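Peer 1: In the numbering used here, the protein residues as written are 1076 to 1259.
Positions of the beta carbon are idealized from the N, C-alpha and C atoms, including for glycine.
Note that the structure is a prediction, hence the values are computed from the model and not measured.
The structure that follows is given in the form of structure tokens.
Right, dumping it as structure tokens:
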């Protein structure tokens, strides 16, 4: 249901009924109710009269806030990864994933692009060894639509360029440079 909202399958203000969602997804109403309560806590739905759920209108500020939190946490994870691992070793692994992303882009293979991008960021996140920060990041990521490579054609080249900048910053071993580049 979250992905359906984030991908625009439901419009702002649209009423979401447990029964219709349960039928659509082939599940009982109990997990739908739990999902709607979770989505309310995440700010994606509101509750109206008689407990009716409605898709919440996301403002530009809401979206900006989500990406700001993502960037701050991602920058901190990149710094911690740089300080915990050999910068050259970490940069080599990240370069390999960025090369896989480039090759997948040239082959127009969006699934491989997404996998390479995921592995790039997963490598940083794992190397940071900061489970609480990672848990917070994962909760923020639930509010960001997935499958950018399938939806936004300009995304892959920008991601490759951004990844390369992160790799170069990590190679430098300069924590503040890493933070700045990873947050941009």
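Could you give the first and the last residue of the continuous beta strand (DSSP E) run that contains residue 1128?
Peer 2: Within the chain shown, the letter at position 53 stands for residue 1128. Per DSSP, residue 1128 belongs to the beta strand (DSSP E) from 1128-1130.
Peer 1: Take residue 1195 and list the residues in its own chain whose beta-carbon comes closer than 8 angstroms to its own, dropping the five residues that flank it on each side.
Peer 2: As a working note, residue 1195 is residue 120 in the chain shown. Same-chain partners within the cutoff: 1169, 1172, 1173, 1176, 1238.
Peer 1: Kindly indicate if chain D contains any beta-carbon less than 8 angstroms away from that of residue 1079.
Peer 2: You won't find chain D in this structure, because it holds only one protein chain.
Peer 1: For the beta strand (DSSP E) containing residue 1121, list its first residue and its last residue.
Peer 2: On the chain shown, position 46 is the one that residue 1121 refers to. Looking at the DSSP string, the run of the beta strand (DSSP E) that includes residue 1121 is 1120-1122.
Peer 1: Taking only runs of the alpha helix (DSSP H) that begin and end inside the stretch 1141-1194, which ones reach a length of at least 4 residues, in chain order?
Peer 2: Counting only runs of 4 or more, we get 1162-1181.
Peer 1: So what does residue 1090 bridge to, in DSSP terms?
Peer 2: For the purposes of this step, residue 1090 is taken as residue 15 along the chain shown, with counting starting at 1. Note: residue 1090 sits in a beta bridge opposite 1129.
Peer 1: With DSSP run on the structure shown, which of helix, strand or coil describes residue 1227?
Peer 2: Taking the first residue of the chain shown as 1, we reach residue 1227 at position 152. Reduced to three states, the DSSP call for residue 1227 is coil.
Peer 1: Specify whether the stretch 1160-1169 and the stretch 1132-1147 touch according to this definition: at least 3 beta carbon pairs, one from each stretch, less than 8 angstroms apart.
Peer 2: no
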